[in-house]
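Chains Z, A and L supply the protein sequences, listed in that same order. Residue numbering for the first sequence follows numbering that gives the first Met the number 0, beginning at 0 and increasing consecutively. Residue numbering for the second sequence follows numbering that gives the first Met the number 0, beginning at 0 and increasing consecutively. Residue numbering for the third sequence follows numbering that gives the first Met the number 0, beginning at 0 and increasing consecutively. Even for Gly, the Cβ is constructed at its ideal location relative to N, Cα and C. Please read the structure below before turning to the comments.
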Amino acid sequence: MARDLLMALTIALLLGAAAFFAARMLPLVRVMRRARPTSRLDHWPRRLGFMAGQVLAHKRLLQMKMSGVLHFFIFSGFVILFIDIVDAVGQVFAPGFNIGPALDCVVDIFVALVLIGIVLAVYQRAVLKPERYHGSDERDGYVILGMIAVIMIGIILHESFYPFAAPLLFHVRPGLDPWGFLGYALARVWMATGLAAHPAIAETGYITGYILDIGMVFAFLAYLPTSKHLHIFLAVPSIFLHKTRPHGELVEPLPPEEGMAIRSVADMNWKDVMDLFTCTECGRCQAVCPAHASGQRLSPKMVIIELRDAVRRELAGEPPVPLAGGVVSAEELWACTTCGACQEACPVFIEHVPKIAGLRAALLEDGEIDKSAQKVLVGWDRQGNSFGQPVRKRPAWAKGLDVPIKDARKEPVDWLWFVGDFASYEPRVQNLSRLVARLLQQAGVDFGILYEGEVNSGNDALRMGEYGLFETLAQKNLAMLEKAQFNQIFTTDPHSFNALRNEYRKLGFERPVRHYTQAFLDLIEEGKLNPSPLNLKVTYHDPCYLGRWNRVFDAPRQLLERMGIELVEMPRHGANSFCCGAGGGRIWMEENGVSDRPANIRIREALSLEDVNYFVVACPKDMSMFSAAVQSTNGEERMKVIDVAELLAQAVGLNEPVETAAAT
Amino acid sequence: MRVAVLLKAVPDLVEELVLDEESGSLQYDEMSYVPSEWDDQALEEALILKEESGAQVTAIAVSTGDVDTMLFTALAKGADHVVKITGDFDASMSNWQQARVLSDYVREQDFDMVLSGVQAIDDVDGQIPGLVAGFLNWPHASVVTEVRMGGDSKVLLRQEYSGGLVAEIEVESPVVIGVQAARKPPRYASVAKVRQVAKSVAIEEVSAGAPAGPAFADIQFVRPVAAGRAEMIEGDVDAVADRIVQILADHNLLRRA
Amino acid sequence: MGPILIVTESTASGITDSTKECVGKAKELAKVLGTSTVALGFGPGAVDRLRRLDVNKVIAAEDGEFAVYNPAVCENALVQVVAETAPFLTMIPNTTMGLDLGAGLAGRNNIPLIAYCSDLQEQDGKITAVSQVFAGKLLARVPVPGDGAIVTVLPGSWPTGEETGDPVVETISGDYSSRMRVIRVIEPEKGDVDITKADILVSVGRGIESPDNLPLADELAEAMGGVVSCSRPVVDAGWLPKARQVGKSGQTVKPKLYLACGISGAPEHLQGMRDADLIIAVNTDEEASIMEAAHFGTTVDMLDLMPALAERLRGG
């Protein structure tokens, strides 16, 4: 009788929870179906492998030790939970069912781990209170932890009463099972206290435990779709469906009729929508965001949460609010440097930057943009550079050279150098450009530039949401590149590097592109440049668009090594490098709400290294940003910002030894 | 309320002004052109008016060259309608002639207000709004920094004078206004939006004959002789700063502690 | 040949310098051309203000409708005066009034206009107007047609004429009314500082790039014992109050030192500061018009120079 009831209850709960789950999930699926297409099912073997590494081995999650470990405990518990469900339900439906002592033991081990994980998680939330949780739904977090704890307790509880209740309920007589050591220990307690002897207590204890376990599992299922813990279902598919197109490509090729602007949910692609519901509000993105660190209102996490909540409100029948400028404020959107640190940190591989850029595009369509940045956009359109300078002055930097640089539009060259705006127009960086030219000349490289034919690569325009302008600029460059005869192309500017390498593909350009650190390294390997050891101790800043977005970490480091330079890494380096604050058009915008510039934060990070007096950069914008930051942090005495080309020039005897920047 | 905004393109001063030094004539075909920045201000103020009180904004340009992008940009920013006046015109067309053509068009239409940039970098023979007002015999105010709707077809203006003096003016329409600056900086029109507009909306073309009227027979342009040119201080920042301190000392301008 | 008509302009402190400049030039030209000079003035007290001008005749419109400057009313009066006196040249200072009246008169009376005139040169009885266009990058030499023209004259074009004349005075009255009405005239807000009284001005233009850089200018001004002023774009962007603006629509200043940082030097700006005793211009563009007006110039980055200079002056 009681068994029949339990069976009926189990089935009812299962059906109820499943129906409830489906009813709450269906609208989300419908939203995703309304969204734009994106192809995420190609390369599936690679995707599977990637998923295994991230899901089973917790590769990214474990980058934060405590959180990673506690997540691993809880996550493993969930996997094991399925064994328990089979066990518990099996006992009810097939009297005498047993999954075997080994699995019993495993279940109990993981129950213990989960409980430890929960204690750690509560400790982290309540005591440590990391800043990254700021803005997250804390209540939801505790509810979920509570539910999991209840399930765990339920498991042990019904397990402990099973030997005493089974004869009454299922007419089988299982013995005590020491392998399920937690239940066994508790059963001993029941026996010692005599509770086990009372049939009513044994029955009640078992049924209570069963309902706490299985009932809560179903309740959990029903609760999930409106919780951030939907990631339990979505994280794994999300990781499988991660972006496999070139990492540095911001937007996929767009159909000619569609812009990149995200005005409503339907303007996102379905994976973007899925991302919103996959977010667990863990805040790892917020913790690494340079805009957030500088005191601005942007948090990548909040952008995702705000968008998700807006979708929820729309599903609840509320009138839609414009996403750009409404749901996510213009202030937040324009604060982004598009450095990509958020995406690098996200354990479920949410792509924040394309969403922000799409929302920016919507703002831009309404004419809403910082006025200084607007001038830059107009300047790109008219003169092709961000300096408001005449086209004819682009190659002016090359004038002071002893040996003139070839015009790649007029004669074939081996190497084509895409110079970029800053290296062409910014006076300080112009010196570096001349130095690079002299280094190439010393190495006997046959190279040329496009002179007035080059325009800005469009990388930043695209990231400011100006797809049309990006296209215009790219097409101008491509027309020149088509005419020019060259064997390879290299650039001194990581932003141009990214555009040429990743963004120009959609316009049909697929020639390999190198950054000058890679090119110089090759010249050394080929024996064309022979640096003598400099015996310096330096730190190196990975430019976002060289490192994170294009995974060029080694070439600059090897180059330093070849110059006999000792590299001391900053705490944040490689893929975790901390943006200078200039990217995504930020360099031209007003610094509203900036209480501490990212570049200053970064320089202080470098200043904390002992005996390091050189801050090596490999990006013209970094040169500008960090030179200013060294001044404003009063670090001039201790730290000199130096381009990798300056070091190389010195190592090959082209330049005076770098002035000893500092007394330590 | 129907508002006309008169737009024109002027040589881009960022690039070089191409001058045949011998004849003193500008090589109009060899220069690049941009919308006159004051016209941008006039358009912005008109669009603000539209947002505030539902004015209907028509942007008008004389086809002295490629003015299509300028007109599509006006549409992308929010103008309701654009008109291009075509004829046997080119970039050397004088302001006087443009104003003639524009005023002829405006007269036939039913505009309550005409806004245009108070000046342009190239108006040797007069500013467009003043000339148009004169040809139409409408009241006109220049150096205006704010245009609002009053009651009963009245328009409220703020006019600026030197020394920072400001007048509040009320005028019954129709009126011509030379805009110095809009209340807000001109908005941005994204390339994509301009393209999209260019695909979906047509420019109304109106043809006009060559206008008569006074034109100066022979204007010669010369580059100003650098008579009182500054003495350039050379060197890096430190050298320059040192030299300036020296100059200040020589002029007795150093503050005594 | 008709007379040379000067449309005069006055402020609270009397007839403006640019009016006096026109009067001086008109007299010189009238002498060579063998014609007379007429000055037209608006507003109450015009007769008293103009009666010492060195012209042959003064026409004053003093009626109630001229109580405050009203562009349309003044234009109506001017149109009539020009129709009646048929001047060979009509000279109007290129201020707001000049922009109001010049082109309007040209259009209504069908008389050619030469704008932004910075000089009138006579040769063999023919007059050539020199007009400053393209933000001062070019001068246009425009032959004044035989039937005459209107010229709007940039302030600072000539030395001011003396007030030693004894003209015939005529007042006019009539219906010059218009649909335009001046509701009120607002005095400029006296800002925190009066830049017209400062001996040293650190003046910033577009080159300041962002309001975040303004502290650099403040610090430099403080170190120099001066105050910060600016050009129009800085005010338009809302970065500094209107009271700090130097130029045509701002203040006219005559400090001992004018340090122009990142100011290109549009004619409208030069108009407000060209009489400073010492002008030092900082602008990355060596070709910028400000270099024409400045005594010293440099092309280093103002954002680097300002702190460097402040440091030296503070360190003292």
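Proximity of residue i and residue j at Cβ, strictly below 8 Å
i                 : j                 : result
Ile150 of chain Z : Asp212 of chain Z : yes
Gly208 of chain A : Gly64 of chain A  : no
Leu102 of chain Z : Ile117 of chain Z : no
Arg500 of chain Z : Gly247 of chain Z : yes
Gly580 of chain Z : Gly546 of chain Z : no
Tyr515 of chain Z : Val435 of chain Z : yes
Val412 of chain Z : Gln440 of chain Z : no
Gly23 of chain A  : Phe215 of chain A : no
Val418 of chain Z : Thr336 of chain Z : no
Leu647 of chain Z : Met562 of chain Z : yes
Leu608 of chain Z : Val551 of chain Z : no
Own chain partners of residue i with C-beta closer than 8 Å, once the 5 adjacent residues on each side are dropped
i                 : result
Glu64 of chain L  : Val72, Tyr175, Ser176
Leu376 of chain Z : Ile368, Ala460, Met463, Glu465, Leu468
Gln55 of chain A  : Met0, Arg1, Val2, Lys49, Asp79, His80
Pro43 of chain L  : Glu61, Phe65, Ala66
Tyr32 of chain A  : Ala8, Val9, Pro10, Asp11, Gly64, Asp65, Ala90
His294 of chain L : Leu277, Ile278, Ile279
Local Cβ density within 10 Å of residue i, reported as buried at 16 or more and exposed below that
i                 : result
His42 of chain Z  : exposed
Leu135 of chain A : buried
Asn251 of chain A : exposed
Asn599 of chain Z : buried
Thr144 of chain A : buried
Val9 of chain A   : buried
Glu21 of chain A  : exposed
Arg131 of chain Z : buried
Leu249 of chain Z : buried
Own chain, CB closer than 6 Å to residue i, minus 5 neighbours either side, in chain order
i                 : result
Ile202 of chain A : Leu70, Val81, Lys83
Pro128 of chain A : Ser115, Val175, Gly177
Thr659 of chain Z : Because the pLDDT at Thr659 of chain Z is just 43, under 50, the model does not fix this residue reliably, and the point stays unresolved.
Val106 of chain Z : Ile79, Ile82, Asp83
Gly15 of chain Z  : none
Cys284 of chain Z : Pro299, Lys300, Cys341, Ala344, Cys345
Among the options, the one whose alpha carbon lies nearest that of residue i
i                 : options                                : result
Gly224 of chain L : L:Asp303, L:Ala309, L:His268, L:Gly206 : L:Ala309
Gly88 of chain Z  : Z:Leu13, Z:Leu127, Z:Val78, Z:Val54    : Correcting the residue identity first, residue 88 of chain Z is Val in this sequence and not Gly. When each option's Cα is compared against that of Val88 of chain Z, the closest is Z:Leu13.
Gly447 of chain Z : Z:Gly457, Z:Ser456, Z:Glu453, Z:Trp414 : Z:Trp414
Glu193 of chain A : A:Met231, A:Asp67, A:Leu46             : The residue you asked about is not Glu; residue 193 of chain A is Val in the sequence shown. Ranking A:Met231, A:Asp67, A:Leu46 by Cα distance to Val193 of chain A puts A:Asp67 first.
Ser226 of chain Z : Z:Leu249, Z:Thr192, Z:Ile154, Z:Phe20  : Z:Phe20
Ala45 of chain L  : L:Cys260, L:Val168, L:Val81            : L:Val168
Lys49 of chain A  : A:Ser62, A:Ala60, A:Ala78              : A:Ala78
Gly23 of chain L  : L:Arg243, L:Ser156, L:Ser209           : L:Ser156
Val123 of chain A : L:Ala82, L:Phe133, L:Ile126, L:Gln120  : L:Phe133
Leu363 of chain Z : Z:Trp333, Z:Phe348, Z:Gly339, Z:Arg381 : Z:Trp333
Own chain, CB closer than 7 Å to residue i, minus 5 neighbours either side, in chain order
i                 : result
Val154 of chain A : Met112, Val146, Met148, Val170, Ser172, Val174
Ser91 of chain A  : Tyr27
| Listed in chain order, which residues of the region 355 to 373 of chain Z have Cβ atoms closer than 7 Å to some Cβ of chain A? | Leu363, Glu364, Gly366, Ile368, Lys370, Gln373
| field | Members of the region 585 to 606 of chain Z near chain L, C-beta cut-off 7 Å | value | Glu589, Glu590
| said: Short of 8 Å Cβ to Cβ, which residues in the region 191 to 210 of chain A face chain Z? | reply: Ala191, Lys192, Val193, Arg194, Gln195
| request: Taking a Cβ distance cut-off of 8 Å, strictly less, list which residues of the region 421 to 434 of chain Z are near chain L, in chain order. | output: Pro426
| Contact residues within the region 386 to 404 of chain Z, judged by C-beta distance below 9 Å to chain A | Gly387, Gln388, Pro389, Val390, Arg391
| task | Select from the region 1 to 24 of chain A all residues with a C-beta closer than 9 Å to any C-beta belonging to chain Z, and list them in chain order. | result | Asp11, Val13, Glu14, Glu15
| Residues within the region 136 to 161 of chain A neighbouring chain L, beta-carbon criterion of under 7 Å | Asn136, Pro138, His139, Ala140, Ser141, Val142, Gln158, Glu159, Tyr160, Ser161
| message | Can you pull out the residues from the region 199 to 226 of chain L whose beta carbon lies closer than 8 Å to at least one beta carbon of chain Z? | response | Glu208, Ser209, Pro210, Asp211
| query | Between the region 157 to 189 of chain A and chain Z, which residues of the former have a C-beta closer than 9 Å to a C-beta of the latter? | reply | Pro184, Pro185, Arg186, Tyr187, Ala188, Ser189
| Taking Cβ-Cβ distances below 8 Å as the criterion, which residues of the region 224 to 252 of chain L are in contact with chain Z? | Ala236
| field | Positions along the region 76 to 105 of chain A whose CB lies within less than 7 Å of some CB in chain Z | value | Lys76
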